[in-house]
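**Q** Using UniProt numbering, you'd call the opening residue of the sequence shown number 1 and step up by one each time. C-beta atoms are modelled at their ideal positions from N, C-alpha and C, and glycine is treated no differently.
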Amino acid sequence: MPRYTTKEIQLDDLYLDEKNPRFIVPPNPTQQSIVDYLIENEEVEQLAQDIAKSGGLYAGERVIITEENGRWIVLEGNRRICACKILMNPQLIANRRLASVDKISLLMNNELKQTLAVVDADVMKNRLEAQSSLAAKHIDGIKKWSTISKHKFFALEFDAGKSIEEISMITGVSLAKIKTGLKEYRIIDYVLKLPFWTQTECEEYLNLQEIKTTRLTRLFSAKPSKADAKRLREIIDLDYDDDYHIKTSLAKDVFDKILHIVAQAAFIPDYASDFNGTRSTYEDIPQLMQFLEDNKLIIENKSGNKNIYVAPEPKTNVDVKPETSEKMSGKEEEKAVNATSNKQFTSKRNVLIPEDFKVNCTVVKINDIINELKRLNLNYCVNAQAVLLRVLLELSLKYYLNRVNESSKIDEGHLEGTYVAALESMRVKKLLNSVEHSNLVQLKKSDKIFSIFNGYVHYDSVVPNKDVLIFYFDNLRRIIEICLNS
1 MPRYTTKEIQ LDDLYLDEKN PRFIVPPNPT QQSIVDYLIE NEEVEQLAQD
51 IAKSGGLYAG ERVIITEENG RWIVLEGNRR ICACKILMNP QLIANRRLAS
101 VDKISLLMNN ELKQTLAVVD ADVMKNRLEA QSSLAAKHID GIKKWSTISK
151 HKFFALEFDA GKSIEEISMI TGVSLAKIKT GLKEYRIIDY VLKLPFWTQT
201 ECEEYLNLQE IKTTRLTRLF SAKPSKADAK RLREIIDLDY DDDYHIKTSL
251 AKDVFDKILH IVAQAAFIPD YASDFNGTRS TYEDIPQLMQ FLEDNKLIIE
301 NKSGNKNIYV APEPKTNVDV KPETSEKMSG KEEEKAVNAT SNKQFTSKRN
351 VLIPEDFKVN CTVVKINDII NELKRLNLNY CVNAQAVLLR VLLELSLKYY
401 LNRVNESSKI DEGHLEGTYV AALESMRVKK LLNSVEHSNL VQLKKSDKIF
451 SIFNGYVHYD SVVPNKDVLI FYFDNLRRII EICLNS
């Protein structure tokens, strides 16, 4: 079987790759934001002029694409396709090169339009199948990428299931550098997704393509000036798990605040007047020193148990197809549950379901459960409500699949399978928009919610937390409302 087929695709049907590790674009990227990035950083305007002068794309340079969620995604050749799209629609460059719109327009003629309208492409079965050959093709290219682009590539490959050794073989980068890159990318990714940043700060100072990430990452290991002082990584107990995710015994609110202060010093001009990115240590950040002093007892008396903190997934414009996961063994599941259920959330609510939650459901048992969860105080009945929430979700999903004549998709005894089937049904029927769908997929994937629900029932070591339950209900609320109002 050939690994790919060749196909003619309309240029208008090709989408630039929003997951390309080389593109340092904001969370929730659009096609236009990728065009803007390529214009600013990849000399696409000049490439468009070269293509116009040569009368089209060069022979023997087919782009590589794959189909995802009904769209043709460009895996190889994004610069060329972007340049062609600019020639066909010069207004695409108006955000970054307004003065060039007329100049690009003059390059076009009817013959060139006909030539660019259809593109020869090699079609790969899926992204993962294409990734190895693409990476091997670009070993030299990868070495020329920016440091953060390399680190992002390592993380994407690692999270897709490749080992450190496999990534090293693909890229020619040493094992040690890949491990360091993964750690540095995790911390940068986590810091930039903290909820404290303003829109202005994100736009003016936190462009991942422009910031010097080492201004932040070096601070954790930098040797302080005082001989008996600890390094910052020791103070905050910074460590990484087997997946290179952040691990610390500090409470999340304290840990996040420290990282935010340090990142402000690293990236925001004049935040700390005595801070110099190349020579300073954390001691040169007065705001941090004050915070450490104010929270001395909390920091010094942190628990010995380390929590794993993962950067939240950004909302995306791309639909993410749900993935069914294999059932874990009891020990594996309990380990995953304990790691995830330690996440810290806070809420002032004392009931799980607020009064404004309204559904139109005729099943008496479902309505009774909802009314009980509106009435029971979480401070006293947290175990009962954890089990009731799981029951409510399962009954709601089954109610929906029965109502839309898809009862065959109910996975008896496997709540996660039923959830995945209902999500896919809602996506196809456009009952969920792409952002809602992506968030609900991530809730399953990143937060291991079904392992935790099973843990509430099967493991005496998994104790429900009222704030975590509220977090889960608030994130599941949309799908439950659709189920019961369908």
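Let me know if residue 196 comes out buried or exposed under the rule of 16 or more other beta-carbons within 10 Å of its beta-carbon.
**A** Taking the sequence shown and counting its residues from 1, one reaches residue 196 at position 196. That one is exposed.
**Q** May I ask you to verify whether the stretch 280-298 touches the stretch 261-271, counting CB pairs closer than 8 Å and requiring at least 3?
**A** Yes, since at least three Cβ pairs between the stretch 280-298 and the stretch 261-271 fall closer than 8 Å, the two stretches touch.
**Q** Curious, which full-length alpha helix (DSSP H) runs of at least 4 residues does the stretch 219-274 contain?
**A** Fully enclosed alpha helix (DSSP H) runs of 4 or longer: 232-235, 252-267.
**Q** Quick test of the definition: if touching needs 3 or more C-beta pairs under 8 Å, does the stretch 225-240 touch the stretch 169-177?
**A** No contact exists between the stretch 225-240 and the stretch 169-177.
**Q** Which two residues bound the contiguous alpha helix (DSSP H) that contains residue 43?
**A** Start at 1 with the first residue of the sequence shown, and residue 43 comes out as number 43. Counting along the chain, residue 43 falls outside any alpha helix (DSSP H), and DSSP gives it neither H nor E.
**Q** Consult DSSP for residue 15 and reduce its assignment to one of helix, strand or coil.
**A** Counted from its first residue, the sequence shown places residue 15 at position 15. Here residue 15 sits in strand by DSSP.
**Q** Just checking, does the stretch 65-83 make contact with the stretch 117-124 on the three C-beta pairs under 8 Å criterion?
**A** Yes, the stretch 65-83 touches the stretch 117-124.
**Q** Starting from residue 373, trace the alpha helix (DSSP H) both ways and give me its first and last residue.
**A** If you number the sequence shown from 1, residue 373 lands on position 373. 364-375 is the extent of the alpha helix (DSSP H) around residue 373.
**Q** Could you tell me whether the Cβ atoms of residue 38 and residue 84 are closer together than 9 Å?
**A** Here residue 38 refers to the residue found at position 38 of the sequence shown. Here residue 84 refers to the residue found at position 84 of the sequence shown. Their beta carbons are not under 9 Å apart, which means residue 38 does not touch residue 84 by this criterion.
**Q** Where do the ends of the alpha helix (DSSP H) carrying residue 287 lie?
**A** Taking the sequence shown and counting its residues from 1, one reaches residue 287 at position 287. Segment 286-294, the alpha helix (DSSP H) holding residue 287.
**Q** Helix, strand or coil for residue 410 per DSSP?
**A** Taking the sequence shown and counting its residues from 1, the one referred to as residue 410 is at position 410. Three-state result, residue 410: coil.
**Q** Less than 8 Å between C-beta atoms, sequence neighbours within five positions excluded: which residues of the same chain meet that for residue 422?
**A** As a working mapping, residue 422 is identified with position 422 in the sequence shown. Hits under 8 Å: 397, 400, 401, 409, 479, 483.
**Q** If I'm right that residue 193 touches residue 248 with Cβ under 8 Å, what's the distance once you round it to whole angstroms?
**A** Taking the first residue of the sequence shown as position 1, residue 193 is located at position 193. Taking the first residue of the sequence shown as position 1, residue 248 is located at position 248. Wrong, their Cβ atoms sit about 16 Å apart, outside the cutoff.
**Q** Please state whether the Cβ-Cβ distance between residue 154 and residue 243 is less than 9 Å.
**A** As a working note, residue 154 is residue 154 in the sequence shown. As a working note, residue 243 is residue 243 in the sequence shown. For residue 154 and residue 243, no; Cβs fall outside 9 Å.
**Q** Considering only residues of the stretch 75-151, which uninterrupted alpha helix (DSSP H) runs meet the minimum length of 4 residues and lie entirely inside it, listed in chain order?
**A** Runs found: 78-88, 101-106, 110-117, 127-137, 139-144.
**Q** With C-beta atoms as the reference, is residue 35 less than 9 Å away from residue 109?
**A** Against the sequence shown, residue 35 aligns to sequence position 35. Against the sequence shown, residue 109 aligns to sequence position 109. The answer is no: Cβ separation not under 9 Å.
**Q** Among the residues of its own chain, which have a CB less than 8 Å from the CB of residue 217, if the five just before and after it don't count?
**A** As a working mapping, residue 217 is identified with position 217 in the sequence shown. These residues qualify, in order along the chain: 184, 187, 188.
**Q** Could you check if residue 458 is buried or exposed, using at least 16 other CB atoms within 10 Å of its CB as the buried criterion?
**A** The residue you call residue 458 lines up with position 458 of the sequence shown. Flag for residue 458 reads exposed.
**Q** Grab me the residues of residue 406's own chain with a C-beta within less than 8 Å of its C-beta, minus the 5 sequence neighbours each way, in chain order.
**A** Taking the first residue of the sequence shown as position 1, residue 406 is located at position 406. Within the same chain, residue 406 has close Cβ partners 421, 425.
**Q** What's the call for residue 58, buried or exposed, on a 16-neighbour Cβ count within 10 Å?
**A** The residue given as residue 58 occupies position 58 in the sequence shown. By the neighbour-count rule (16 or more Cβ atoms within 10 Å), residue 58 is not buried but exposed.
**Q** Would you identify the three-state DSSP class for residue 198, choosing helix, strand or coil?
**A** Position 198 of the sequence shown, counted from the first residue, corresponds to residue 198. Reduced to three states, the DSSP call for residue 198 is coil.
**Q** Taking Cβ to Cβ, would you say residue 245 is nearer than 9 Å to residue 310?
**A** Working through the sequence shown from its first residue, we reach residue 245 at position 245. Working through the sequence shown from its first residue, we reach residue 310 at position 310. Yes, they are a contact pair.
**Q** Are the CB atoms of residue 116 and residue 87 nearer to each other than 9 Å?
**A** Start at 1 with the first residue of the sequence shown, and residue 116 comes out as number 116. Start at 1 with the first residue of the sequence shown, and residue 87 comes out as number 87. The answer is yes: Cβ separation under 9 Å.
**Q** Just to confirm the assignment, what range does the alpha helix (DSSP H) spanning residue 385 have?
**A** Looking up residue 385 in the sequence shown gives position 385. Its alpha helix (DSSP H) spans residues 382-403.
**Q** Taking CB distances under 9 Å as the criterion, tell me whether residue 54 reaches chain E.
**A** Absent from the structure: chain E. Only one protein chain is present.
**Q** Could you tell me which residues DSSP puts in a beta bridge with residue 308?
**A** Within the sequence shown, the letter at position 308 stands for residue 308. Its beta-bridge partners are 247.
**Q** If you compare alpha carbons, which of 395, 291, 296 is closest to residue 362?
**A** By 1-based counting over the sequence shown, the position of residue 362 is 362. Among 395, 291, 296, the Cα nearest to that of residue 362 belongs to 395.
**Q** Is residue 68 helix, strand or coil when you go by DSSP?
**A** As a first step, residue 68 is located in the sequence shown; it is residue number 68 there, counting from the start. If DSSP states are grouped into helix, strand and coil, residue 68 belongs with the strands.
**Q** By how many angstroms is the C-alpha of residue 253 removed from the C-alpha of residue 476?
**A** As a first step, residue 476 must be located in the sequence shown, where it is residue number 476. As a first step, residue 253 must be located in the sequence shown, where it is residue number 253. Cα to Cα, the separation comes out at about 24 Å.
**Q** Excluding sequence positions up to five away, which residues of its chain have a Cβ less than 8 Å from the Cβ of residue 292?
**A** Translated into positions along the sequence shown, residue 292 becomes position 292. These residues qualify, in order along the chain: 235, 258, 299.
**Q** Can you tell me which of the three DSSP states residue 210 falls into?
**A** Looking up residue 210 in the sequence shown gives position 210. DSSP places residue 210 in coil when its eight states are reduced to three.
**Q** From what residue to what residue does the alpha helix (DSSP H) around residue 419 run?
**A** Counting from 1 along the sequence shown, the entry for residue 419 is found at position 419. Run containing residue 419: 415-428, per the alpha helix (DSSP H) assignment.
**Q** Within this structure, are the beta carbons of residue 119 and residue 10 separated by less than 9 Å?
**A** Numbered from its first residue, the sequence shown carries residue 119 at position 119. Numbered from its first residue, the sequence shown carries residue 10 at position 10. Contact: yes.
**Q** Could you tell me which of 392, 438, 413, 276 sits nearest to residue 481, measuring between CA atoms?
**A** Your numbering for residue 481 matches position 481 in the sequence shown. The residue with the shortest Cα to Cα distance from residue 481 is 392.
**Q** So residue 353 packs on residue 373, CB below 8 Å; how close in whole Å?
**A** The count along the sequence shown starts at 1 and reaches residue 353 at position 353. The count along the sequence shown starts at 1 and reaches residue 373 at position 373. About 4 Å separates the two Cβ atoms, so the contact holds.
**Q** Please classify residue 8: does DSSP put it in a helix, a strand, or coil?
**A** For this step, residue 8 is matched to residue 8 along the sequence shown. Strand, per DSSP.
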